[in-house]
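Structure first, then comments.
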Amino acid sequence: MSVAPFVEVSAARKEYRSTGGKILVFDRLNFSMPQAAFIALMGPSGSGKSTLLHAVGGLERLDGGSIRVGGRQIAGESEAHLSRWRAETIGFIFQFYNLMPMLNAAGNIELPLLLLPLGPKERRRRVEAAAELVGISHRLRHRPREMSGGEQQRVAIARAIVSDPPLLLCDEPTGDLDRATSTEVLEILRTLCRDLRKTILMVTHDPSAAEFADRIFTLDKGRLDTAGMAA
Ligand code: ADP
Ligand code: MG
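Numbering (numbering that gives the first Met the number 0), first residue to last: 0 to 230.
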């Protein structure tokens with residue numbers, strides 16, 4: 000018996016049209032990820048890694064092909080359905096954390112919960128649980144500018160997992176961090192995969208960050224090589 004993939008991308012095509020003409024980013028691209036896989040997506044700058052990540056998260060539409068997440072086809076969904084689906088299914092983690100400067104850590108972590116029908120007490124319980132998981136409980140009253148890069152990324156990870164989405168999409172999550180702090184963040188991601196069975200797709204240009212994943216995919220000149228094994 001084979002296990003159905005959790006993420007399944009088939010014959011994906013994406014092009015951008017601009018005043019300079021048409022750019023074909025990728026075409027006929029295929030890959031799948033089982034649940035609880037941790038995959039690093041590598042490749043040169045401009046090869047389309049962020050575009051692919053955004054397509055999987057329903058932030059960017061394809062020009063052809065299909066993307067299924069948890070059996071659901073997202074390519075043809077309306078914006079309203081997609082944003083609801085995103086809130087339940089995806090946690091995004093970015094290179095520069097994308098925290099709201101006016102909110103403290105607790106307020107930032109709470110944001111995704113405001114889209115769900117939860118009372119303040121339950122929201123607070125979940126914020127505290129997510130903060131605990133990433134080791135940032137001691138900074139909940141701090142604003143982003145009062146925290147180090149590593150602390151801000153922990154807050155961003157807590158925000159990504161607070162509504163318990165099954166899929167985490169990370170775009171260079173350690174791109175702005177020193178080696179020791181990167182290792183801490185990558186260990187958190189690996190724990191989320193192993194212990195909470197999160198499926199993780201992580202763009203990185205750093206080979207030592209990619210080693211934390213189970214597999215390495217490489218995107219170059221519109222082709223995806225899915226044969227890479229991490230050490
Ligand atoms: P990577 O994340 O691998 O560096 P991107 O996915 O950001 O690459 O970009 C892939 C290609 O698509 C690049 O050539 C980039 O210039 C182009 N591109 C990305 N976003 C847009 C956009 N919104 N409009 C036009 N071209 C874009
Ligand atoms: Mg990018």
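The C-beta atom is built at its ideal place from N, Cα and C for all residues, glycine as well.
- In the structure shown, residue 94 falls within a coil segment according to DSSP collapsed to helix, strand and coil.
- Between residue 165 and residue 88, the beta carbon gap of about 6 Å places them in contact (Cβ cut-off 8 Å).
- Between the ligand MG and residue 49, a heavy atom-to-CB distance of less than 7 Å is present.
- Check the Cα spacing between residue 168 and each of 146, 205, 37: the tightest is with 37.
- Between residue 13 and residue 47, the C-beta spacing is below 8 Å.
- In the same chain as residue 22, and ignoring 5 residues on each side of it, the C-beta atoms closer than 7 Å to its own belong to 14, 15, in chain order.
- Annotation: residue 197 is outside any alpha helix (DSSP H) and is labelled neither H nor E by DSSP.
- Nearest C-alpha to residue 138 among 119, 107, 112, 116: 107.
- Remark: C-beta atoms of residue 33 and residue 68 do not approach each other more closely than 8 Å.
- Residue nearest to residue 173 within the set 201, 159, 194, 197 is 201 (criterion: CA-CA distance).
- In this structure, residue 150 sits away from residue 160, with a CB-CB distance that is not shorter than 8 Å.
- Counting every other CB atom within 10 Å of its CB across the protein chains shown gives residue 120 a total below 16, marking it as exposed.
- Shortest gap from the CB of residue 22 to any heavy atom of the ligand ADP: under 7 Å.
- Of the heavy atoms belonging to the ligand ADP, none sits nearer than 7 Å to the Cβ of residue 9.
- For residue 153, the enclosing alpha helix (DSSP H) starts and ends at 148 to 160.
- Take the alpha-carbon of residue 216 and the one of residue 112: they are about 32 Å apart.
- By the C-beta density criterion, residue 197 is buried, having at least 16 other C-beta atoms within 10 angstroms.
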